[in-house]
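Asker:
2 protein chains.
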Amino acid sequence: MPPDSASTLLRKQTLPAHIVVREVGLRDGLQSIDRIVSTSDKIQLLQSLYAAGLRHIEIGSFVPTRLLPQMADTAKLMEAAYRLEGLETSVLVPNLRGAQTALQTNARYLMVPLSASHAHSFANLRKTPDEVVAEVGRIRAERDSRGSTMLIDGGVGTAFGCTLQGHVAVSEVVRLTQGLLDAGADRISLADTVGYADPASVREVFEAVLRVAGDRLWCGHFHDTRGLGLANVLVAMELGVHRFDTCFAGIGGCPHAPNSGGNIATDDLVFMLESMGIDTGVDVHALLEQRKLAATILDGEVLRGAFWRAGVPITFSPPARASAGGAL
Amino acid sequence: MPPDSASTLLRKQTLPAHIVVREVGLRDGLQSIDRIVSTSDKIQLLQSLYAAGLRHIEIGSFVPTRLLPQMADTAKLMEAAYRLEGLETSVLVPNLRGAQTALQTNARYLMVPLSASHAHSFANLRKTPDEVVAEVGRIRAERDSRGSTMLIDGGVGTAFGCTLQGHVAVSEVVRLTQGLLDAGADRISLADTVGYADPASVREVFEAVLRVAGDRLWCGHFHDTRGLGLANVLVAMELGVHRFDTCFAGIGGCPHAPNSGGNIATDDLVFMLESMGIDTGVDVHALLEQRKLAATILDGEVLRGAFWRAGVPITFSPPARASAGGAL
Chain P
141 MPPDSASTLL RKQTLPAHIV VREVGLRDGL QSIDRIVSTS DKIQLLQSLY
191 AAGLRHIEIG SFVPTRLLPQ MADTAKLMEA AYRLEGLETS VLVPNLRGAQ
241 TALQTNARYL MVPLSASHAH SFANLRKTPD EVVAEVGRIR AERDSRGSTM
291 LIDGGVGTAF GCTLQGHVAV SEVVRLTQGL LDAGADRISL ADTVGYADPA
341 SVREVFEAVL RVAGDRLWCG HFHDTRGLGL ANVLVAMELG VHRFDTCFAG
391 IGGCPHAPNS GGNIATDDLV FMLESMGIDT GVDVHALLEQ RKLAATILDG
441 EVLRGAFWRA GVPITFSPPA RASAGGAL
Chain C
141 MPPDSASTLL RKQTLPAHIV VREVGLRDGL QSIDRIVSTS DKIQLLQSLY
191 AAGLRHIEIG SFVPTRLLPQ MADTAKLMEA AYRLEGLETS VLVPNLRGAQ
241 TALQTNARYL MVPLSASHAH SFANLRKTPD EVVAEVGRIR AERDSRGSTM
291 LIDGGVGTAF GCTLQGHVAV SEVVRLTQGL LDAGADRISL ADTVGYADPA
341 SVREVFEAVL RVAGDRLWCG HFHDTRGLGL ANVLVAMELG VHRFDTCFAG
391 IGGCPHAPNS GGNIATDDLV FMLESMGIDT GVDVHALLEQ RKLAATILDG
441 EVLRGAFWRA GVPITFSPPA RASAGGAL
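The listed protein sequences derive, respectively, from chains P and C. So for the first sequence, this note's numbering puts the first residue at 141; every next one is plus one. So for the second sequence, this note's numbering puts the first residue at 141; every next one is plus one.
#1: What do you reckon, are the CB atoms on D293 (chain C) and Y249 (chain C) nearer than 8 Å?
#2: Just curious, the beta strand (DSSP E) that G297 (chain P) is in, first and last residue?
#3: Assuming T229 (chain P) is part of the beta strand (DSSP E), what are its boundary residues?
#4: With DSSP as the reference, label A426 (chain P) as helix, strand or coil.
#5: Straight-line CA distance for P339 (chain C) to R278 (chain P)?
#6: Helix or strand or just coil, what does DSSP make of T214 (chain P)?
#7: Is R283 (chain C) helix, strand or coil when you go by DSSP?
#8: Could you compute how far the alpha carbon of R130 (chain P) sits from the alpha carbon of L224 (chain P)?
#9: Would you identify the three-state DSSP class for D85 (chain C), choosing helix, strand or coil?
#10: How is F262 (chain C) classed by DSSP in three states: helix, strand or coil?
#11: Straight-line CA distance for G369 (chain P) to A405 (chain P)?
#12: Is E198 (chain P) helix, strand or coil when you go by DSSP?
#13: Buried or exposed: where does P458 (chain P) fall if 16 or more other Cβ atoms within 10 Å of its Cβ makes it buried?
#14: Return the residues of the stretch 403-433 of chain C that lie within a Cβ-Cβ distance of less than 7 Å from chain P, sorted by chain order.
#15: Using the three-state DSSP reduction, which class does R327 (chain C) fall into: helix, strand or coil?
#16: Can you tell me whether P453 (chain P) is helix, strand or coil according to DSSP?
#17: Are the beta-carbon atoms of G297 (chain P) and S255 (chain P) separated by less than 8 Å?
#18: What does DSSP give as the partner residues of L185 (chain C) in its beta bridges?
#19: Please confirm if K152 (chain P) has its CB atom under 8 Å from at least one CB of chain C.
#20: Would you mind reading off the limits of the alpha helix (DSSP H) that contains R351 (chain C)?
#21: Give a yes or no on whether 8 Å exceeds the smallest Cβ distance from P339 (chain C) to chain P.
#22: Considering just the uninterrupted stretch of the alpha helix (DSSP H) at D370 (chain C), what are its terminal residues?
#23: What are the residues of the stretch 366-377 of chain C that lie near chain P, defined by any Cβ-Cβ distance shorter than 7 Å?
#24: So, does the CB of A446 (chain C) fall closer than 8 Å to a CB anywhere in chain P?
#25: Is it the case that the stretch 179-197 of chain C contacts the stretch 226-244 of chain C, given that we only count it when at least three CB pairs across the two stretches are under 8 Å?
#26: Would the stretch 178-188 of chain P and the stretch 433-440 of chain P be scored as touching if the rule is three or more Cβ pairs under 8 Å?
#27: List the whole-angstrom C-beta distance separating F84 (chain C) from A337 (chain C), where the pair is believed to meet the contact cut-off of C-beta under 8 Å.
#28: Where V349 (chain P) and H258 (chain P) are concerned, what is the direct C-alpha to C-alpha distance, given to the nearest angstrom?
#29: Could you check which residue in C:Q171, C:D270, C:A446 has the C-alpha nearest to that of T317 (chain C)?
#30: From the beta carbon of H307 (chain C), is the nearest beta carbon of chain P less than 8 Å away?
#31: Beta-carbon of T333 (chain P) versus every beta-carbon of chain C: anything under 8 Å?
#32: Can you tell me whether R162 (chain C) is helix, strand or coil according to DSSP?
#33: Less than 8 Å separating the beta-carbons of L243 (chain C) and M290 (chain C)?
#34: State the Cα-Cα distance for the pair D174 (chain C) and P209 (chain P), rounded to the nearest angstrom.
#35: Just curious, the beta strand (DSSP E) that R383 (chain C) is in, first and last residue?
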């Protein structure tokens with residue numbers, strides 16, 4: 141492979157055949173909205189996302205109910221998810237106690253969030269980043285002692301800066317990534333929790349983290365707070381990342397990062413990728429229907445995204461599906 | 141220069157130092173809005189854009205007043221523009237008659253729109269694309285006979301598809317580009333008039349046109365209809381294009397292409413580029429103020445863009461200015 145091949149991915153002949161769009165609206169999205177969506181409405185949303193072709197969905201989080209009552213029914217939702225064939229689920233856990241609950245479910249991934257910004261780490265988790273690294277070590281030991289094959293995903297948040305602390309050094313993101321891997325994380329995700337990333341910083345941070353994590357750098361999680369979400373995905377994809385988080389209807393944010401919402405809208409990213417000829421396994425027309433359901437259930441909430449306003453171009457045709465499993 | 145250097149532009153060390161953001165809101169934007177903005181309000185908008193640092197501004201168009209009454213005061217606005225030092229102006233003309241009027245002004249560029257989509261060409265200009273090419277020949281002869289140095293910019297619209305016709309062949313875009321250059325156009329711009337472009341098609345079409353136009357391919361004009369505008373700029377920039385059109389407050393569209401609005405918001409593009417360390421000469425804070433003025437003048441109209449909602453990150457610092465001329 142020539143040294144510059146990563147940067148030529150966007151040439152038509154070398155585009156990736158398939159990109160995983162991981163839907164995190166049921167977790168990142170609904171936790172950012174004050175109202176508590178009923179379990180039956182959540183199940184409807186989950187089923188509509190699955191029907192559109194999404195096969196990687198974050199279901200919720202195992203956090204104390206008094207802190208995030210919106211996530212109290214995550215175990216029930218996991219039961220509904222289990223009935224959807226071929227669905228790969230993830231749940232967020234902030235600590236060992238949450239992980240112990242998660243390990244009783246059928247989730248494929250257990251996502252442990254860490255904030256590279258120390259200020260955000262305290263505000264969001266009441267721990268230093270290094271205390272989170274130590275907790276991941278305990279979670280790994282617990283998982284292994286149970287003989288579970290659930291994968292531990294270390295999510296490095298505020299990796300591009302923070303509304304509380306300001307700058308976050310790339311070296312700190314790299315150090316914490318190494319710490320998470322040493323402590324036993326199987327995967328690393330990088331998150332732009334507050335929408336500060338731009339295409340140049342995405343390249344800088346992802347290149348640095350790829351040097352220590354290699355193909356264990358698993359996922360890019362971008363907020364579209366300032367409209368740069370899709371451009372940021374493009375650069376990370378050029379570097380070889382093939383998995384990205386999105387939220388249906390562009391919801392999402394962080395309760396401890398003011399003005400941080402929302403994530404990239406699922407329909408925006410699926411539309412961009414499928415237009416480029418990259419298979420996501422997701423049907424854009426079905427996603428537009430899903431969005432209407434979400435708008436009804438979340439009536440009155442701020443929804444985001446651009447694609448839905450104009451809809452599907454008359455020239456659009458979806459790419460060949462990479463596998464039957466990912467298709468409708 | 142190694143053959144692959146164009147595709148490594150996004151690496152921090154090789155980012156372009158400067159990108160020209162050309163403001164086309166006074167033309168593309170205001171022509172798409174039914175109301176007729178008063179000349180004094182337009183002058184206020186022009187001055188606010190200039191004050192924010194924009195030095196490349198499309199002022200209006202010389203088209204029959206009965207067809208586009210919104211543009212009737214273009215000559216007056218050109219007089220106001222002439223008093224702004226260092227401002228490089230352009231005007232759109234649909235034909236020789238318009239060009240004759242334009243040649244009496246101090247505009248730097250005379251932009252002649254051509255639609256690569258034959259259906260859109262008829263709807264918008266009542267001519268075939270080849271008739272427009274022939275008209276550019278007559279405009280070139282007229283310019284030369286007057287000894288004018290005004291540059292003729294052939295704007296190839298619907299270059300990525302069309303809401304009326306559907307697909308537009310890349311070979312047709314290339315053929316018409318060659319035709320425009322042969323007829324005497326000094327510059328070529330490529331426009332995604334209806335928001336159908338995606339990063340893969342941008343690469344395909346720009347690469348093909350670069351092969352015939354070289355550095356006479358001057359400008360990328362993207363609508364942000366489906367949220368892909370900034371990602372599209374990124375790819376064109378990677379190929380070496382260093383000039384992009386935007387509209388203040390994300391207005392813009394085409395009267396003969398339903399559902400086509402709006403252009404990339406000026407503040408969104410300036411924010412992305414300056415965040416990446418690329419000098420635009422434009423102050424993002426001043427642009428946010430400019431947006432407020434636009435929102436007052438255009439009260440009730442649909443404005444677009446993402447950056448303004450969340451505003452300037454606390455970590456933001458503008459890049460070094462490439463030249464005093466482009467700075468505030």
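Using N, Cα and C, we set each Cβ at its ideal position, and we do this for glycine too. As the structure is a prediction and not an experimental result, all values here were calculated from the model.
Answerer: Taking the coordinates as given:
#1: yes
#2: Counting along the chain, the beta strand (DSSP E) containing G297 (chain P) begins and ends at 291-297.
#3: 228-232
#4: helix
#5: 43 Å
#6: helix
#7: helix
#8: Lying outside 141 to 468, the shown extent of chain P, residue 130 (chain P) is not represented and no answer is given.
#9: Lying outside 141 to 468, the shown extent of chain C, residue 85 (chain C) is not represented and no answer is given.
#10: helix
#11: 9 Å
#12: strand
#13: buried
#14: Answer set for the stretch 403-433 of chain C: D408, F411, M412, S415, M416, G417.
#15: The answer is strand: DSSP assigns R327 (chain C) an E or B state.
#16: coil
#17: yes
#18: According to DSSP, which records beta bridges pairwise, L185 (chain C) is partnered with nothing at all.
#19: Only weak support is given to the placement of K152 (chain P): the predicted model assigns it a pLDDT of 44, under 50, and the value that follows is read from those uncertain coordinates. Yes, its Cβ sits closer than 8 Å to a Cβ of chain C.
#20: Counting along the chain, the alpha helix (DSSP H) containing R351 (chain C) begins and ends at 339-353.
#21: yes
#22: The question names Asp, but residue 370 (chain C) is Leu in the sequence shown. Note, L370 (chain C): alpha helix (DSSP H), 369-378.
#23: R366, G367, L368, L370, A371, L374, V375
#24: yes
#25: yes
#26: yes
#27: Nothing in the structure corresponds to residue 84 (chain C), since chain C is present only between 141 and 468.
#28: 19 Å
#29: Of the listed residues, the one whose Cα sits closest to T317 (chain C) is C:D270.
#30: yes
#31: no
#32: Residue state, collapsed to three classes: strand.
#33: yes
#34: Straight-line Cα distance between these residues: approximately 48 Å.
#35: 383-386
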